[in-house]
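Asker: Residue numbers are given in the working numbering: position 527 of the sequence shown equals residue 513, and the series is strictly consecutive. Quick one: structure below, then a few questions.
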Amino acid sequence: MGRESVASVLAAPSLQLMADEIRYLKHLEKNPQETGTFIGELEKWRLAGNRHFNKKDFESAIHIYKRCARLGRGFESITTEEFRGRATPIVIMADSNCAQAYLERRQWESALQSAEGALSLGPQHVKSLFRKGKALQGLQEFKKALAALEAALELRPYDDSTMAAVAEVKSAYHQSVTGEFDLYNYYLENLPPFCSDYVGSVEIKSTATAGRGLFLTESMKLGQLVIVSNAIALGLAARGKFNEHLINLAFACTRLATSSVRYAHQFRYFHSRLKNQNARVPPLELYIPGSDWAPDPHSKVEPPGIEEALEIVRINSFDSSRIGNPEAFLDGLKDALGHTPPAQVNVCALWALPSLLNHSCLPTCAVSLVGKAMFIRATRDLPAGTELTISYVVSDSLDREQLTKAWNFACRCERCLFDEIVKPHISDAVQMFSDIMSDFEARLPRALEPDKLKYEIFSRLIHHVEQRIQNLPCKLDDRQKGWVRFIFQRGYMLRIVFCPQEVSRLEKIEMVAQLLNIYKAVEAGTCGLNLQLAACLLKGVELEYGRSSHEYQSTRKVVAMHFHVALGEMDDDFLDKLLKAKFSSDSLAPFFNEISRSEKGYQQHTFIWQSRSQQSLL
Ligand SMILES: C[S@@+](CC[C@H](N)C(=O)[O-])C[C@H]1O[C@@H](n2cnc3c(N)ncnc32)[C@H](O)[C@@H]1O
């Protein structure tokens, strides 16, 4: 029988797949006596899929299940009622297991298709109903997910995993409509929880000079949550492979855009230089999973080619330098990949709705990550109508114009206009700073520990900067003074890093408070460093003045503000727990407490500059 045996057809290389299958089915139609063998082989093939599945080789399992289901379906169209009854359960299980393999790989659209394939033959197949529910949960179609899971529960009441899934979906749905996320456990220690997408009171509008942008339709309080958005695609590559993570992300995007109509439409609206710059304003519902957005049946949307996907990724993706918190990025990877990623990876990701946020050097929003969910909060009280902005660049540079060239625009925000006025008056301080830093980079050892000489160098620089600020021809308010100081922020930071033992606690408190104020003037809450400094300051003030003092109470307000912007509203009790768990007094006290510091030595003295986000600043 040569090529016409079912085993050889199932095992044939993919390219010949369809042709072989059709030829075989024709053969079987003419030779119905072989039907028994065929069904036996089909079942064996399904079990082979299970073996791959159990070894967690999901790709091979999917490949085998799919062929098994396709051949079984083809067979159903040519056979008798009796044999159909024997093949159908195999096809249902192949489809259903295929859905599970896709679920393991977090390919929700494909999982949904396979589960629906199984249900088209067996509408009461409980496992397929459950898997359909999980796939819809992954797609954040919570109402539909609940319907599928409740149907499964009706057929198999009190099933533990179905009941758990129903509870999960209900809580995810609650998050998506209310914006209430219970992150307390996560902040204290756990792995990131699942966070639904949430879209607060915003609208998408055209701006005068920056294309489309996101705007508030209601006023917001400092720290209030505006948007939560999950990454839609990730790009990974080994470190040292220049830009390979961006290329991988672009390929992931092209796959994504072919996998679902919603994503295909989102890609059509991404900013890319290859497209018309006056891009149309997308409907907000497009970015709200489960909303009643529907594609226009008359317009066909082509997925982006690789060249355009690369452009989209280059302009719209975020990497850890833009999030300012590499740890959170890695947590997000664990969450998205379902396993711990290799340590040495470059990673970038794409978020759909946040890609409509324009840049400002005085951003109205702070970004933080919980797993792969991006949380966007107001950095200050904002009236309705305010444009939501984030900072695309590390904004202590006076050459921000150079940096934003990568995005093809020059920022004209209040701070950039102000910079132009003060630049000529601080040029000598900038030169002094740049000389010290190149000397520091080239010659001074990079050890970040107390050092009297280096402390004096940075103290002199800061003295010089403060004099320049005093002598400027125009009168500056406190915020503007903060902007000037921010240009030299690494100097202010290094002065703290090198601060020797004999400096008094009060002077140290002063230095940390000043740096925190600088961050507040520019971009409160946008990096973990603010929180480290804030916690450190509070500990110092507590040691110096005691918890019931006026000084402690007013410092606590400032510190709470930084935590609110970065992590959301929290009550006093939770702030205390967080400070204790994550910013423990053991590691913070030595900087301010001379006695314990001299006992413990300098090692611990360097606590605030050991975080990775800090190192990227130095
Ligand atoms: C990530 S997109 C932001 C959304 C974009 N405005 C849109 O219509 O899709 C980045 C692009 O927005 C524009 N853009 C962002 N911030 C801007 C600003 N402050 N001034 C001018 N253009 C800006 C630039 O064209 C930039 O390449």
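Just so you know, even glycine gets a beta-carbon here, dropped at the ideal spot from N, CA and C.
Please confirm whether V112 has its beta-carbon closer than 9 Å to some beta-carbon of chain C.
Answerer: Among the chains of the structure shown, chain C does not appear; only one protein chain is present.
Asker: Where do the ends of the beta strand (DSSP E) carrying F361 lie?
Answerer: Segment A359 to A364, the beta strand (DSSP E) holding F361.
Asker: CA-CA distance, Y269 and Q93?
Answerer: The sequence shown places Pro at residue 269, not Tyr. If I take the Cα positions, the gap works out to 25 Å.
Asker: Going by DSSP in three states, T375 sits in which element: helix, strand or coil?
Answerer: T375 falls in the strand class under three-state DSSP.
Asker: Where Q123 and S162 are concerned, what is the direct C-alpha to C-alpha distance, given to the nearest angstrom?
Answerer: Computed Cα separation, rounded: 12 Å.
Asker: Residue ranges of each beta strand (DSSP E) run of no fewer than 3 residues wholly in the region 539 to 572, ordered along the chain?
Answerer: Listed in chain order, there is nothing to give.
Asker: Between the C-alpha atoms of C485 and S535, what's the straight-line distance to the nearest angstrom?
Answerer: Straight-line Cα distance between these residues: approximately 26 Å.
Asker: Are the beta-carbon atoms belonging to Y172 and P178 less than 9 Å from one another?
Answerer: Cβ distance < 9 Å, so Y172 and P178 count as in contact.
Asker: State buried or exposed for Y88, treating a residue as buried only when at least 16 other CB atoms are found within 10 Å of its CB.
Answerer: Result: buried.
Asker: For C460, count neighbouring Cβ atoms within 10 angstroms of its own Cβ and tell me buried if that reaches 16, exposed if not.
Answerer: With fewer than 16 Cβ atoms within 10 Å of its Cβ, C460 is classed as exposed.
Asker: Just checking C397 against ligand 1 - is the residue's beta carbon closer than 8 Å to any of the ligand's heavy atoms?
Answerer: Within the cutoff, so yes.
Asker: Would you mind listing the alpha helix (DSSP H) stretches within the region 235 to 313 that are 4+ residues and don't spill past its ends, in chain order?
Answerer: Entirely contained in the region 235 to 313, the alpha helix (DSSP H) runs reaching 4 residues are, in chain order, 247 to 255, 292 to 302 and 306 to 309.
Asker: Pick from A121, F549, A131 and V112: whose alpha carbon is nearest that of P143?
Answerer: Among A121, F549, A131 and V112, the Cα nearest to that of P143 is on V112.
Asker: Using the C-alpha atoms, what's the distance from L502 back to P436?
Answerer: Near 20 Å, if we compare the C-alpha coordinates of L502 and P436.
Asker: Determine the burial state of T326: buried for a count of at least 16 other Cβ atoms within 10 Å of its Cβ, exposed for fewer.
Answerer: Counting Cβ neighbours within 10 Å, T326 comes out exposed, since fewer than 16 surround it.
Asker: In terms of residues, what are the limits of the alpha helix (DSSP H) holding L202?
Answerer: It is not in any alpha helix (DSSP H) - L202 instead sits in the beta strand (DSSP E) that spans R198 to L202.
Asker: Going by the CB atoms, is the gap between L211 and I78 shorter than 9 Å?
Answerer: Not a contact, by the Cβ cut-off of 9 Å.
Asker: For K525, count the other beta carbons within 10 Å of its own beta carbon; 16 or more makes it buried, fewer makes it exposed. Which is it?
Answerer: Its Cβ being crowded by 16 or more others within 10 Å, K525 is buried.
Asker: Quick test of the definition: if touching needs 3 or more C-beta pairs under 8 Å, does the region 382 to 401 touch the region 178 to 190?
Answerer: Verdict: no, contact absent.
Asker: Which residue comes first and which comes last in the alpha helix (DSSP H) that contains N171?
Answerer: Element bounds for N171: Y170 to L174.
Asker: Going along the chain, which residues of its own chain have a beta-carbon closer than 8 Å to the beta-carbon of R56, five neighbours each way excluded?
Answerer: Excluding sequence neighbours, R56 sits near E7.
Asker: With H, G and I counted as helix, E and B as strand and the rest as coil, what does DSSP make of A152?
Answerer: Reading the sequence as shown, one finds Val at residue 152 and not Ala. DSSP places V152 in helix when its eight states are reduced to three.
Asker: In the DSSP assignment, the alpha helix (DSSP H) including N229 goes from what residue to what residue?
Answerer: Unbroken run through N229: none, as it is neither H nor E.
Asker: Considering only their Cβ atoms, is the gap separating G197 from N344 smaller than 9 Å?
Answerer: Yes, these two residues count as a Cβ contact at 9 Å.
Asker: Taking its Cβ as the centre, do 16 or more other Cβ atoms sit within 10 Å of F228, making it buried, or is it exposed?
Answerer: Counting Cβ neighbours within 10 Å, F228 comes out exposed, since fewer than 16 surround it.
Asker: Here's the rule I'm using: 16 or more other beta-carbon atoms within 10 Å means buried, otherwise exposed. How should H613 be labelled?
Answerer: This structure cannot speak to residue 613, because the chain is shown only from -13 to 604.
Asker: Leaving out five residues on either side along the sequence, give the residues of the same chain with a beta carbon under 6 Å from the beta carbon of R70.
Answerer: Same-chain partners within the cutoff: E62.
Asker: Helix, strand or coil: which one does DSSP assign to H411?
Answerer: Three-state DSSP puts H411 in a helix.
Asker: How would you label I495, buried or exposed, when you count the other beta carbons within 10 angstroms and need 16 or more for buried?
Answerer: Classification for I495: buried.
Asker: Enumerate in chain order the residues of its own chain whose CB-to-CB distance from C347 is below 7 Å, with the five nearest sequence positions on each side excluded.
Answerer: For C347, where only same-chain residues beyond five positions count, the Cβ hits under 7 Å are S377, S381, R386, C397, C399, R401 and C402.
Asker: With a 10 Å radius around its C-beta and 16 neighbouring C-beta atoms as the bar for buried, classify P275 as buried or exposed.
Answerer: Counting Cβ neighbours within 10 Å, P275 comes out buried, since at least 16 surround it.
Asker: So if DSSP puts A219 in a beta bridge, which residue, or which two residues, is it bridged to?
Answerer: Answer is L336, bridged to A219.
Asker: Just how far apart, CA to CA, sit R53 and P289?
Answerer: Distance between the alpha carbons of R53 and P289: 27 Å.
Asker: Just to confirm, does R386 get its C-beta within under 8 Å of one of the non-hydrogen atoms of ligand 1?
Answerer: No, Cβ of R386 sits at least 8 Å from all heavy atoms of ligand 1.
Asker: Check the C-beta distance from S114 over to A85 and give it rounded, since I have them as a contact under 8 Å.
Answerer: Rounded, the Cβ-Cβ distance is 7 Å, consistent with contact.
Asker: Is the CB-CB distance between L220 and L232 below 9 Å?
Answerer: Against a cut-off of 9 Å, the Cβ pair of L232 and L220 comes out as no contact.
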